[in-house]
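The opening residue of the sequence shown carries number 124 in this note's numbering; numbering runs sequentially from there.
For every residue, glycine included, the Cβ atom is placed at its ideal position computed from N, Cα and C.
Quick caveat, the model's predicted, so the values are computed rather than measured.
See below for the structure under consideration.
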Amino acid sequence: MKIVIATGNKDKVREINELLEGTDFEAVSMKDAGISCDIVEDADSFRGNALIKAETVAKYTDDYVLADDSGLCIDALDGAPGIYSARFCGENSTYPEKFARIFEMLKDVPDEKRTAHFTCAIAVVKPDKTSFTVEEYFEGVLQEQPSGLNGFGYDPIFYVPEYGMTSAQMSPEQKNSMSHRGKALRKAVEQILEKC
């Protein structure tokens, strides 16, 4: 059975297939499923945006559809950039530009108060068009000097004290075992397997 992932990101599809090993399911990207559509993410929450993506793609297939929305939430900035993480500082800004802006905003905040978490919400639309969502978190502290070459996005400035490294310094296996996306994916896959 297929699960169509509302993404063009091959790494995300591979990650989901690793979690589906040993089941009757296989994840495919919406592109590989022959689906091309405009998705307008205009909800005010991660869950809302994930559901918009999943429900939009589900109009074109009778397979399971899975979509995620995730971002960085900084406690001292009242949860910003949050759902605007990818578009923070403008649609075409680079991550070094985003980092510089964040630390400019945090300049009066002491290091120990620079706590943050990643949030990942996943929405699944089943073949009968009913849906469910799950949400998970990954806690850390922001460090001004980027470190590590693994991961992407905000990973180089997201320091995980219990491991003494940023999430960009973790191996993919280590990160998947504890990250917001890894935990949310495992929870969503468990629910799909329970309910099918």
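Straight-line CA distance for residue i to residue j?
i	j	result
leucine 174	lysine 182	12 Å
glutamate 311	glycine 274	The amino acid occupying residue 311 in the given sequence is alanine; glutamate does not appear at that position. Rounded to the nearest angstrom, the two C-alpha atoms are 22 Å apart.
leucine 229	leucine 272	24 Å
asparagine 299	aspartate 192	16 Å
aspartate 201	leucine 195	11 Å
serine 152	isoleucine 162	15 Å
arginine 210	alanine 291	20 Å
glutamate 296	alanine 156	27 Å
Which residue comes first and which comes last in the alpha helix (DSSP H) that contains residue i?
i	result
valine 136	133–142
valine 180	169–181
glutamate 296	295–301
Would you mind working out which of the options sits nearest residue i, comparing C-alpha positions?
i	options	result
serine 208	Pro233, Tyr187, Cys243 and Asp186	Cys243
phenylalanine 148	Gly157, Asn132 and Val188	Val188
glutamate 313	Ile245, Ile158 and Gly202	Ile245
threonine 184	Lys125, Gln268 and Gly202	Lys125
aspartate 134	Ile315, Arg304, Leu316 and Glu317	Arg304
alanine 177	Tyr282, Thr130 and Gly194	Thr130
aspartate 234	Glu267, Thr289, Ala166 and Thr217	Glu267
alanine 150	Val136, Ser254 and Asp161	Val136
tyrosine 218	Asp186, Lys249 and Pro279	Pro279
threonine 179	Ser294, Lys252, Glu296 and Ser302	Lys252
tyrosine 277	Ala190, Asp155, Leu316 and Leu265	Leu265
tyrosine 282	Arg237, Pro250 and Cys160	Arg237
asparagine 132	Arg210, Met288, Lys306 and Ala190	Ala190
Hey, quick one: how far does the beta strand (DSSP E) through residue i stretch, first residue to last?
i	result
lysine 125	125–128
glycine 151	Looking at the sequence shown, residue 151 is not glycine but valine. Its beta strand (DSSP E) spans residues 149–152.
phenylalanine 281	281–283
tyrosine 187	187–197
Exercise. Is the segment 223–243 in contact with the segment 254–271, if contact means three or more CB pairs nearer than 8 Å?
Worked result: Result yes; three or more Cβ-Cβ pairs closer than 8 Å.
Exercise. Taking one C-beta from the segment 134–147 and one from the segment 296–311 each time, how about it: are there three or more such pairs within less than 8 Å?
Worked result: yes
Exercise. Taking the runs of the alpha helix (DSSP H) that are 4 residues or longer, which of them lie wholly in the segment 206–261?
Worked result: 218–228
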